Amino acid sequence: MTSIGTDLRRVVRGRVLAPGDDAFETARLPWNRAIDQQVRAVVEIEDAADAAAVIRYAKLHGVGVTAQAGGHGASSHLDGTILVRTGRLRGIDVRPEQRIAQVEAGVQWGDLLLATGKHGLTGLPGSSPVVSVTGYTLGGGMSWFGRRYGLAANAVRAFDVVDADGARAHVTAESDPDLFWALRGGGGDFALVTSMEVDLHPAPVLYGGRLLWPADRAPQVLDAFREVTATAPDELTVWFTMLRFPPLPHVPEPLRGLAAVAIDTTYLGADDEARALLQRFETIPGTILDTRAPMALDALGGICAEPTQPVPGMQRGDLLVGLDDDVAADLLAAAGGIAPLAAVQVRHLGGALSRPTPGSGACGHLAEPYLLGLLGPVPTPEAAQAVRERQAEISRALMAHTTGRKPYTYLGGGEKTAAAFPRDVMSRLRDIKRRRDPAGVIRSNHPVLIS
Ligand SMILES: Cc1cc2nc3c(=O)[nH]c(=O)nc-3n(C[C@H](O)[C@H](O)[C@H](O)COP(=O)(O)OP(=O)(O)OC[C@H]3O[C@@H](n4cnc5c(N)ncnc54)[C@H](O)[C@@H]3O)c2cc1C
Numbered sequence: 134m135t136s137i138g139t140d141l142r143r144v145v146r147g148r149v150l151a152p153g154d155d156a157f158e159t160a161r162l163p164w165n166r167a168i169d170q171q172v173r174a175v176v177e178i179e180d181a182a183d184a185a186a187v188i189r190y191a192k193l194h195g196v197g198v199t200a201q202a203g204g205h206g207a208s209s210h211l212d213g214t215i216l217v218r219t220g221r222l223r224g225i226d227v228r229p230e231q232r233i234a235q236v237e238a239g240v241q242w243g244d245l246l247l248a249t250g251k252h253g254l255t256g257l258p259g260s261s262p263v264v265s266v267t268g269y270t271l272g273g274g275m276s277w278f279g280r281r282y283g284l285a286a287n288a289v290r291a292f293d294v295v296d297a298d299g300a301r302a303h304v305t306a307e308s309d310p311d312l313f314w315a316l317r318g319g320g321g322d323f324a325l326v327t328s329m330e331v332d333l334h335p336a337p338v339l340y341g342g343r344l345l346w347p348a349d350r351a352p353q354v355l356d357a358f359r360e361v362t363a364t365a366p367d368e369l370t371v372w373f374t375m376l377r378f379p380p381l382p383h384v385p386e387p388l389r390g391l392a393a394v395a396i397d398t399t400y401l402g403a404d405d406e407a408r409a410l411l412q413r414f415e416t417i418p419g420t421i422l423d424t425r426a427p428m429a430l431d432a433l434g435g436i437c438a439e440p441t442q443p444v445p446g447m448q449r450g451d452l453l454v455g456l457d458d459d460v461a462a463d464l465l466a467a468a469g470g471i472a473p474l475a476a477v478q479v480r481h482l483g484g485a486l487s488r489p490t491p492g493s494g495a496c497g498h499l500a501e502p503y504l505l506g507l508l509g510p511v512p513t514p515e516a517a518q519a520v521r522e523r524q525a526e527i528s529r530a531l532m533a534h535t536t537g538r539k540p541y542t543y544l545g546g547g548e549k550t551a552a553a554f555p556r557d558v559m560s561r562l563r564d565i566k567r568r569r570d571p572a573g574v575i576r577s578n579h580p581v582l583i584s
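For the sequence shown, the working numbering assigns the number 134 to the initial residue and increments by one for each residue that follows.
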């Protein structure tokens, strides 16, 4: 009997790594190092033909296949699968006159923004430049520009996929309405995507940056955040974050080891308009840092200074029904002194994110006006336990102000996929999965049938 590595090398052009190969133990690791994904083999596919060959092999041998760009969204559900790494599929074709970009599965947001920014156009990126456009978009994708243009998944025009039988297809609203709907927010459970066609939007000028104060300013900054977001136009996005900078050498002074409160913001428009809209924050004394300025689109990924190298982390997200006096008081009481978490963040949603649009995908819209994100570093298993408990404690304290729905891209380990969708959406997703992939060949990080 031959090994899985030998078998796969016979059918694909890309690099195959299997247990016993020198580089396997490193190659199998996801970006989120807190997840120890125990996969059977890793295939760094070169093209759609490789993807099809892996799926046909997996189906024949009764094993699962999972696609992963970087692995920011890794979960233990990927254990036992063949891991298809899409990082070599880096093609980008921007068609400015049609306001469309064709994006291959391994493209990261930073690269796409560099390409579209030259034309004064943007896709719908989130905060990290190294998250893949495909992984993020399949899960809905909550963007800096979502208040103006909605969820990223709803801006997809077409997918090129390999289905659970290993057949290639070009999927549009007309060609395959069920699959097109499921892929737009239902995650990676339905097909392996090799490339997508996404809408671009005008962004000729952009303003953005971060304001930072010592942590004891949190009550004043939260008050200002509530006032500014209550009347913000859809072009303005503002996020409030209580954070702890690690006491590590790579963090510059005076931030090293500091507990702080931040306002991160973008404005799709001129800097004088942005400054006027954000003026309220300038009334709060003690600013440590103010990086706000007119900026190039590809500098967007630097605003929140999130890590771009692999780290072990654990996230949790809850959607808040509002941010009135009671919610603000409960938040400050529960999250004051955020340790052992690294960040407690409230993102303003609303605008186009909250408006139902005909023809939208499984992600639908998000009626809740704010998202609470809780992020912890987990360098050791003991740290994981402490982070999990602190996240649960803060979530519990705010439970009366949440709907229970969780955004798919914020689902943490152990959370149920069903929490991301209304009941009717979940049942349609499950039905599509059963019909399109009865043998369960394609496995996502948050499977619709398992949890
Ligand atoms: C620092 C940081 C910032 C973030 N900011 C945001 C944000 O602003 N907004 C937001 O909505 N989310 C955000 N996220 C969450 C992020 O969108 C998810 O982690 C998402 O999974 C994308 O990460 P990835 O590209 O590494 O995907 P991966 O972890 O590589 O993939 C995630 C899942 O997507 C599916 N998938 C990926 N590629 C394919 C493919 N080609 N075909 C089929 N299925 C596929 C698979 O099921 C896979 O398990 C952030 C995450 C981090 C770590």
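Glycine is no exception: its CB is placed at the ideal position from the N, C-alpha and C atoms. No experiment lies behind these values; they were computed from the predicted model shown.
TODO: Return the CA-CA distance between V511 and A475, expressed in angstroms with no decimal places.
DONE: 10 Å
Task: Close-in-space but distant-in-sequence residues of the same chain around R538 (CB under 6 Å, 5 per side omitted) - done: L452
Open item on the list: Shorter than 6 Å, the distance from the beta carbon of A160 to the closest heavy atom of ligand 1, or not?
Closed with: At a threshold of 6 Å, A160 does not count as near ligand 1, since its beta carbon sits no closer than that to any of the ligand's heavy atoms.
TODO: Per DSSP, which residues does P510 bridge with? Please list them.
DONE: Per the DSSP secondary-structure output, P510 pairs in a beta bridge with G446.
Open item on the list: Using the Cβ count rule (16 or more neighbours within 10 Å means buried), how would you classify G547?
Closed with: exposed
TODO: Kindly indicate the opening and closing residues of the alpha helix (DSSP H) around M559.
DONE: Judged by DSSP secondary structure, M559 falls within the alpha helix (DSSP H) whose first and last residues are R556 to R569.
- [ ] Express the C-alpha separation of T550 and P152 in angstroms, rounding to a whole number.
- [x] 30 Å
- [ ] Please confirm if the stretch 300–316 is in contact with the stretch 356–368, defined as three or more CB-CB distances below 8 Å between the two stretches.
- [x] Between the stretch 300–316 and the stretch 356–368, the count of Cβ pairs shorter than 8 Å is below three; the stretches do not touch.
Open item on the list: ligand 2 and G203: does the residue's C-beta get closer than 6 Å to at least one heavy atom of that ligand?
Closed with: Here the bound small molecules are ligand 1; ligand 2 is not part of this structure.
- [ ] Compute every distance between the C-beta of T399 and the non-hydrogen atoms of ligand 1, then say whether any falls below 6 Å.
- [x] no
TODO: Mind checking which residues open and close the alpha helix (DSSP H) that includes T490?
DONE: Boundaries cannot be given for T490, as no alpha helix (DSSP H) includes it and DSSP labels it neither H nor E.
- [ ] For the alpha helix (DSSP H) containing E360, list its first residue and its last residue.
- [x] A351 to A363
- [ ] Report whether the distance from the Cβ of G153 to the nearest heavy atom of ligand 1 is below 6 Å.
- [x] no
Task: Cβ pair T424, R343 closer than 7 Å - done: yes
Task: Nearest to G272 (by Cα), restricted to the options D154, R280, G390 and V289 - done: V289
Open item on the list: Which of the three DSSP states is assigned to S265 in this structure?
Closed with: strand
Open item on the list: Am I right that G435 and W346 are in contact with their C-beta atoms under 8 Å? What's the rounded C-beta distance?
Closed with: Contact doesn't hold; Cβ gap of about 19 Å is too wide.
Open item on the list: Going by beta-carbon coordinates alone, are T399 and W277 separated by less than 7 Å?
Closed with: yes
TODO: Flag this pair as touching only if the stretch 499–518 and the stretch 442–450 have three or more C-beta atom pairs under 8 Å; answer yes or no.
DONE: Counting Cβ pairs under 8 Å, three or more are found: they touch.
Open item on the list: Applying the 10 Å Cβ sphere with the 16-neighbour rule, what's the burial state of S209?
Closed with: exposed
Open item on the list: Output needed for H534: all residues of its chain with C-beta closer than 6 Å, excluding positions within five of it in sequence on either side, in chain order.
Closed with: L453, V454 and V460
Open item on the list: Could you check whether the Cβ of E237 sits closer than 6 Å to any heavy atom belonging to ligand 1?
Closed with: No.
Task: Buried versus exposed, by CB contacts within 10 Å (16 or more), T362 - done: buried
Task: Check whether V266 and L245 have beta carbons under 7 Å apart - done: yes
TODO: Starting from the N-terminal side, write out each stretch of the beta strand (DSSP E) that is 3 residues or longer and does not extend beyond the stretch 367–412.
DONE: 369–377 and 392–400
Task: Bridge-paired residues (DSSP) for F292 - done: V304 and M329
Task: Spatial neighbours of G224 in its chain, beta-carbon cut-off 6 Å, leaving aside the 5 residues before and after - done: So the list reads E237, once near-sequence residues are dropped.
Open item on the list: Within a Cβ cutoff of 6 Å, which residues of the same chain sit near D570, ignoring the five residues on either side of it in sequence?
Closed with: A297
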